[in-house]
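J.:
In UniProt numbering, the protein residues as written are 1 to 151.
1) Of all the options 130, 99, 52, which has the alpha carbon lying nearest to the alpha carbon of residue 113?
2) Would you kindly work out how many angstroms separate the C-alpha atoms of residue 152 and residue 35, rounded to a whole number?
3) Kindly confirm or deny that the region 71-86 and the region 117-130 touch, where touching means at least three C-beta pairs closer than 8 Å.
4) How long is the line joining the alpha carbons of residue 33 and residue 116, rounded to whole angstroms?
5) Looking at the structure shown, is residue 9 part of a helix, part of a strand, or coil, going by DSSP?
6) Would you mind working out which of 119, 121, 105, 120 sits nearest residue 50, comparing C-alpha positions?
7) Within 10 angstroms of its Cβ, does residue 93 collect 16 or more other Cβ (buried), or is it exposed?
8) Just to confirm before moving on: does the CB-CB distance between residue 64 and residue 90 stay below 7 Å?
9) What is the rounded straight-line gap between the Cα of residue 72 and the Cα of residue 120?
10) In whole angstroms, what is the alpha-carbon distance linking residue 98 and residue 111?
11) Would residue 9 be called buried (16 or more neighbouring beta carbons within 10 Å of its own) or exposed?
12) First and last residue of the alpha helix (DSSP H) that includes residue 75?
13) With a CB to CB cut of under 7 Å and the five nearest residues on each side skipped, what residues in its chain are close to residue 30?
14) Below 8 Å on the Cβ atoms is my guess for residue 56 versus residue 101; work out the distance and round it to an integer in Å.
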């Protein structure tokens, strides 16, 4: 899957912009099709209740602590002459926190929202972004980047 190998900077830029455009338009299109409530673009302040806010901030703070712990541990591994391990990289904590916060949002929307279609959109968006993330990391954005484990 190296169709971007040898491509010009414009082609890579256009591919990135097209992919981002599709990713950011998924939520509004899904919300419109399922007749779910509209949310602000930056949904960090859209809590359904105090419990949702408390749990989400617990996940976020745990993720931040996880990033710091993984970063510190990775530095000790490098100081001892070891090599970088992908599973100890700080982005692993970020990629672990995002699904938990979205699953929490879906559960809270299922349990407490007036419009029952809101949680469906959240689950669809989580599934879509999970698939896109796995594809990008597995292929190195279709050969545009070298992550080390992509041949």
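Glycine included, every Cβ here is placed at the ideal spot set by N, Cα and C.
T.: This is what the structure gives:
1) 52
2) A question about residue 152 goes unanswered here, because the residues of the chain that appear run from 1 up to 151.
3) no
4) 14 Å
5) helix
6) 105
7) Buried, because 16 or more other Cβ atoms sit within 10 Å of the Cβ of residue 93.
8) no
9) When rounded, the separation of the alpha-carbon atoms in residue 72 and residue 120 is 38 Å.
10) 20 Å
11) exposed
12) 50-79
13) Leaving aside the five residues that flank residue 30 on each side, the residues in its chain whose CB is nearer than 7 Å to its CB run, in chain order, 121, 124, 125.
14) 6 Å
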